[in-house]
Ligand SMILES: [Zn+2]
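Numbering (our numbering), first residue to last: 1 to 311.
Here it is as C-alpha cells:
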C-alpha cells in the first residue's frame, strides 16, 4: 500500500468515535516496533517526524524506513511532519514525499500564524498534501520546541472558526492542558484536561478533526523499570489514559505519542545493559527496546485509541 493522507482516516475516526495514533519515529527499531503492532492489529497509523528526527536520522533514511514498513505491513500509513517551524521545512517535506505536514505558527501573533499557515496550505494542497495548524500553546520541551509554563496558553474557542476558514487547514492542534515531555504535571498536582474548551471548540467547528499533542501517559511500568536499572525519572507523570480515551471518543482524531515510546525503548535498553554489563552487541539491547515499543503501541491502539480493525 502507498502512503496516504489523513483525510479518509480522520473522517472515519470522527464518525466512529476513535482516534488515530501519531507516533514519532527516529530510527529503524522504532519504525518496526510501531508498524508491526499496527499491522497485526489492522490499525491505520500516522508516523510523524520532527525537525529533531530529521537532524538525527536524515530525511531520506526516515522516508525509506517508512516505505519499507509499507511493504511489510498492509495498513494505511500517513507520513507527517511534526511541528514544522516555517514554510521552508514544510515545503521540503512536501517535496520529499510526506503526505501531511504541521505548520506550528502558535508562537506567532494570530495574524502572523494565519499568514504562514495559509501559505503552507496553498502549497501543500497544490501537491495533494494535508496540513495541521495549531492555536494555543502547549507547555513543555520536545526536540526544538520549548515553551515555559508561564508562556503556555489554552486555545481560545472564539478564534478557531476564523483561523480555520481563513487558512484552509485540514486539522487543528489545540491546547487543553496536555504538554510535551515526561513531566506533564508537578508532583502532587492533579492531572486535568479542559474538556469544556474542547466541547466549545467542537461546537464552533462541527465535523472538524482536532489534534492532541503531548498526550503520552508516561507508563509507570516503564518508569519503574528505568528507576530499578540505574535510571532517574522520579516525578515523571503523564496524561491518565481514561482522559485520553475520553478524548479519542470526541472530535479528537489524532493523538500524538512520543515520550511513551522513548520511555519504552529506554526501559528495554537499560534493563539489558544494567543486568548484563558485559553486553556489547547492539542487537541484544535494541531488540528488547523494540519489543517494548511494539507492546506499548499495541496497548495504545486497543485500549486507548480504539483504532484496531479500522484499517
Ligand atoms: Zn507537539
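All residues carry an ideal CB built from backbone N, CA and C; glycine is no exception.
Across which residues does DSSP place residue i in a beta bridge pair?
i, result
"residue 180", "140"
"residue 81", "49 and 101"
"residue 130", "100"
"residue 168", "Paired residue(s): none; residue 168 is not in a bridge."
Does the beta-carbon of residue i have 16 or more other beta-carbons within 10 angstroms, so that it is buried, or is it exposed?
i, result
"residue 122", "exposed"
"residue 232", "exposed"
"residue 279", "exposed"
"residue 162", "exposed"
"residue 108", "exposed"
"residue 2", "exposed"
What does the alpha-carbon distance come out to for the pair residue i and residue j?
i, j, result
"residue 254", "residue 88", "24 Å"
"residue 275", "residue 170", "48 Å"
"residue 124", "residue 271", "43 Å"
"residue 25", "residue 57", "9 Å"
"residue 247", "residue 33", "25 Å"
"residue 236", "residue 292", "18 Å"
"residue 318", "residue 180", "The chain is shown from 1 up to 311; residue 318 falls before or after that span and cannot be answered."
"residue 67", "residue 20", "19 Å"
"residue 71", "residue 4", "14 Å"
"residue 262", "residue 249", "26 Å"
"residue 18", "residue 307", "6 Å"
"residue 36", "residue 59", "22 Å"
"residue 8", "residue 228", "43 Å"
"residue 154", "residue 146", "16 Å"
Give me the Cβ distance between residue i and residue j, rounded to the nearest whole Å; I'm assuming they're in contact under 8 Å.
i, j, result
"residue 260", "residue 218", "7 Å"
"residue 244", "residue 288", "That belief does not hold up - the Cβ atoms of residue 244 and residue 288 are roughly 26 Å apart, past 8 Å."
"residue 106", "residue 134", "4 Å"
"residue 90", "residue 81", "6 Å"
Against chain B, with Cβ distances strictly below 7 Å, would residue i count as a contact?
i, result
"residue 42", "No chain B appears in this structure, which consists of one protein chain only."
Query raised in the report: Is the stretch 109–122 close to the stretch 189–202, with three or more CB pairs under 8 Å?
Result: no
Query - At least three beta-carbon pairs within less than 8 Å, the stretch 137–157 to the stretch 210–230 - result: yes
Query raised in the report: Do three or more CB pairs link the stretch 8–19 to the stretch 47–55 at distances below 8 Å?
Result: no
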